[in-house]
Amino acid sequence: MRGDGDCDKMSRLPLGLIVAGLLILIIGGYIRINDAGESCPDWPTCFGEVHPFVSGEEQQLWWADNPEEADSRHDLDPDFTYDKMQILSEWLHRLLVGIVAIPVLWNYLHVRSRREELGEDMVGIAFAGGVLLILQAIVGYITVKFDNADWSVALHLVLAVCWISIFIWQWLLWRARTGSKDKINDISAEFALKSIPLLRQLAGAVLLLLVLGAWVASTAGGNYNSGCSTGFSSGWPKCYDMWFPPFDNMGIIVQMFHRIGALVIGGTLMWGAVRLREKVREYGTGDILARFVEAGTGLWLLNMMIGGLYIITAGTDGFIEILSLLHLIFGVSSFLAVMTALLICRVAVMEPINTEEE
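Using my numbering, the first residue of the sequence shown is number 18, and each one after it goes up by one.
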């Protein structure tokens with residue numbers, strides 16, 4: 018049953034967790050572009066310390082005492098040490114994951130105490146948020162243990178966006194049950210049911226390419242970023258100055274697979290946005306869904322340009338890595354925009370608007 022329109026201030030709690038999740042994800046992206054994922058080689062401590070202020074000499078001493086924990090870069094260069102920002106960013110990332118566990122637990126306990134009002138399903142959603150956080154911590158440990166293996170990096174990203182999505186769902190459902198005047202939830206259950214299959218396909222397609230992007234960025238130490246060369250035309254939009262290069266090495270295969278996937282999914286998003294807008298005109302409801310999908314499509318197309326710029330601007334000193342971070346942020350934002358549209362539909366089915374109830 019929908020609420021009476023009065024705002025429940027506690028409904029801002031999952032909204033705060035969404036913001037925290039985005040912050041943790043961005044810091045995680047910063048860690049990746051700065052090759053800091055192994056800057057704290059042990060877990061949960063950092064070079065055996067609970068603080069991030071570890072000098073180069075202390076790092077060398079720790080590695081001497083723990084040779085089995087040495088990562089690939091230390092193996093290649095025994096004199097290698099991480100700088101302060103690399104260690105601080107990884108340590109801060111872990112700290113935030115630990116701190117956010119407190120509001121996640123509070124969120125679950127509060128929803129559980131109001132289960133008759135908010136519903137058993139919301140208790141389940143809040144519980145799932147806690148489980149996903151624990152899984153994220155475990156995968157974080159695995160990522161460090163396995164020297165930033167590409168599959169663990171991709172899994173880390175998938176769990177992060179799923180965790181954020183869980184709290185978007187909870188926030189929308191909470192607002193629907195305690196503040197029904199929100200326009201974001203004001204669509205019919207009939208329209209929502211007809212839109213869910215399309216939105217599932219779009220969200221799944223975007224998530225698939227996010228995983229592929231994480232694979233490209235982390236496989237072979239990130240060397241596949243230049244798998245099609247660099248510079249305008251030769252490196253992008255062409256590959257070694259060819260529109261259809263021979264698939265004779267893994268770098269080209271990975272790059273072309275990623276690019277073709279981006280084009281196909283971009284086209285799918287545009288088709289989906291047009292299709293959804295047609296449904297909005299037909300049913301006279303659901304404009305908010307079309308807006309979210311259109312936003313996701315726009316972000317995706319812009320992100321393709323950012324990906325191209327990343328390759329075009331690469332020089333002898335390497336890539337402009339801030340563009341890689343932007344590439345991640347825009348890709349995730351595109352997914353979350355489409356996922357939000359899907360979750361709005363889920364909430365509309367779970368909590369039909371008052372006119373339908375009457």
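Every residue, glycine too, gets a C-beta built ideally from N, C-alpha and C. From a predicted model like this one, the values you see are computed outputs, not experimental measurements.
Query raised in the report: Going by DSSP, what residues sit across from Cys63 in a beta bridge?
Result: Answer by DSSP bridge pairing, in chain order: Glu66.
Requested in this report: Determine, using beta carbons only, whether Ile185 and Leu40 come nearer to each other than 7 Å.
Outcome: Contact: no.
Query raised in the report: Of all the alpha helix (DSSP H) runs that stay within the bounds of the stretch 122-156, which reach a length of 4 or more residues?
Result: Counting only runs of 4 or more, we get 132-135.
**Report entry** Backbone secondary structure at Cys362 - three-state DSSP
**Finding:** Residue state, collapsed to three classes: helix.
Query raised in the report: How many angstroms separate the CA atom of Trp123 from the CA atom of Ala87?
Result: Distance from the CA atom of Trp123 to the CA atom of Ala87, rounded to whole angstroms, is 38 Å.
Query raised in the report: Roughly how far, in whole angstroms, is the beta-carbon of Pro369 from the beta-carbon of Trp191, given that I think they are within contact range, below 8 Å?
Result: Contact flag wrong, Cβ pair sits at about 16 Å.
Query raised in the report: How many angstroms separate the CA atom of Val223 from the CA atom of Gln77?
Result: If you draw a straight line from the Cα of Val223 to the Cα of Gln77, it is about 42 Å long.
Report task. Could you round the C-beta distance between Ile104 and Pro69 to whole angstroms and report it? I think they count as a contact, below 8 Å. Result -> 5 Å between Cβ atoms; contact.
Report task. Please state if the CB of Gln187 and the CB of Ile142 are separated by a distance shorter than 7 Å. Result -> Yes, Cβ-Cβ distance for Ile142 and Gln187 is below 7 Å.
Report task. To the nearest angstrom, report how far apart Gly303 and Asp203 are at their CA atoms. Result -> Rounded to whole angstroms, Gly303 to Asp203 spans 8 Å at the Cα level.
**Report entry** Buried versus exposed call for Val233 [16 or more other C-beta atoms within 10 Å across all chains shown]
**Finding:** Its Cβ being crowded by 16 or more others within 10 Å, Val233 is buried.
Report task. Could you say which of Cys179, Val291, Arg131 lies nearest to Ala220 if we only look at CA atoms? Result -> The residue with the shortest Cα to Cα distance from Ala220 is Cys179.
Query raised in the report: Could you give the distance in angstroms between the alpha-carbon of Leu286 and the alpha-carbon of Asp94?
Result: Going by the C-alpha atoms only, they are around 46 Å apart.
Query - Cβ contact (3+ pairs, closer than 8 Å) linking the stretch 105-117 and the stretch 38-55 - result: With a cut-off of 8 Å, the stretch 38-55 and the stretch 105-117 count as touching, because enough Cβ pairs lie within range.
Query - Burial state of Glu137, where buried means 16 or more other Cβ atoms lie within 10 Å - result: Taking every protein chain shown into account, the CB of Glu137 has fewer than 16 other CB atoms within 10 angstroms, so this residue is exposed.
Query raised in the report: Got a sec? Which residues, its chain only, sit under 8 Å from Phe309 by beta carbon, not counting five neighbours each side?
Result: The beta carbon of Phe309 sits closer than 8 Å to the beta carbons of Ala354, Val355, Thr357, Ala358, Ile361 from its chain, once the five residues preceding and following it are set aside; these are given in chain order.
Requested in this report: Starting from the C-beta of Gly252, find all residues in its chain whose C-beta is less than 8 Å away, skip the five residues before and the five after it, and write them out in chain order.
Outcome: Ser243, Cys245, Ser246, Ile328, Ile329, Ala331.
Requested in this report: May I ask which residues mark the beginning and end of the alpha helix (DSSP H) holding Gly402?
Outcome: The displayed coordinates of the chain run from 18 to 375. Any statement about residue 402 would go beyond what the structure contains.
Query raised in the report: CB of Ala53 to nearest heavy atom of the ligand NAP: below 6 Å?
Result: This structure does not include the ligand NAP; it has no bound ligands of any sort.
Report task. Consult DSSP for Cys179 and reduce its assignment to one of helix, strand or coil. Result -> In the structure shown, Cys179 falls within a helical segment according to DSSP collapsed to helix, strand and coil.
Requested in this report: Return the Cβ separation of Ala365 and Ser182 in integer angstroms, given the expectation that the two are a contact with Cβ distance under 8 Å.
Outcome: Contact doesn't hold; Cβ gap of about 16 Å is too wide.
**Report entry** Inter-stretch contact (C-beta, 8 Å, three-pair minimum) for the stretch 278-298 and the stretch 313-323
**Finding:** The stretch 278-298 is in contact with the stretch 313-323.
Query - Sufficient close CB pairs (3 or more, under 8 Å) joining the stretch 205-215 to the stretch 292-302 - result: Flag = yes, the stretch 205-215 and the stretch 292-302 touch.
Query - Contact with chain C by Pro263, beta-carbon distance below 7 Å - result: Although the question refers to chain C, the structure presented lacks it and comprises just one protein chain.
**Report entry** Candidates Met321, Val36, Ser28, Arg49, of which the one nearest Leu174 by Cα
**Finding:** Shortest Cα-Cα distance from Leu174 to any of Met321, Val36, Ser28, Arg49 involves Arg49.
Requested in this report: Just grab the DSSP bridge partners of Met322 for me.
Outcome: In DSSP, Met322 forms no bridge with anything.
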